[in-house]
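Participant: Reminder that position 15 of the sequence shown reads as 25 in our numbering, one-by-one numbering, no gaps.
Every residue gets a Cβ at the ideal spot worked out from N, C-alpha and C, and that includes glycine.
Pasting in a structure now, in structure tokens, and then I'll have a few things to ask.
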Amino acid sequence: MDILFLIILLAILIIPSFLMSRRQRAKMSEIHKLQESLVPGDRVVTTSGQHATVVATTPETVDLEIAPGVRSTFEKLAVVRILTKAAAPQIVAEENLERDIEEDNDGRGQGHPENL
Numbered sequence: 011m012d013i014l015f016l017i018i019l020l021a022i023l024i025i026p027s028f029l030m031s032r033r034q035r036a037k038m039s040e041i042h043k044l045q046e047s048l049v050p051g052d053r054v055v056t057t058s059g060q061h062a063t064v065v066a067t068t069p070e071t072v073d074l075e076i077a078p079g080v081r082s083t084f085e086k087l088a089v090v091r092i093l094t095k096a097a098a099p100q101i102v103a104e105e106n107l108e109r110d111i112e113e114d115n116d117g118r119g120q121g122h123p124e125n126l
């Protein structure tokens, strides 16, 4: 009877601990993916609660602009949340590019010195 009580008591203590560690591991994995996805232009929050804009990244660090013209270098681990992602660059269709080139030529041929 005492052994059964001891097993139940250990199970009550171990199971919640195991479940909490799984959740914590999943959350850390999510934050790591977030830190690896940082690109210039993202608005982020650091562990200290500072809001900033990503200016540049390296494999270990991220340069953040915390005020206009004020840049600081942080470890990527300091970034815990992305407020807004940078706008994705727009892809210009090839036909639009060709049309723009033709408009720039103003009717001059390709051999014209201004078009070289």
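For Ala88, collect the residues of the same chain with a Cβ closer than 7 Å to its Cβ; drop the 5 residues on either side in sequence, then sort them by chain order.
Facilitator: Thr56, Thr57
Participant: Where does Glu70 sit, in a helix, a strand or coil, going by DSSP?
Facilitator: coil
Participant: Do you know offhand how far Arg81's Cα is from Glu75's?
Facilitator: 4 Å
Participant: Among Gly59, Arg35, Thr68, which has the Cα closest to the Cα of Ser47?
Facilitator: Thr68
Participant: Nearest to Ile92 by alpha carbon, out of Gly79, Thr71, Thr63?
Facilitator: Thr63
Participant: Judging by CA-CA distance, which residue of Gly59, His61, Pro78, Asp52 is the nearest neighbour of Ala96?
Facilitator: Asp52
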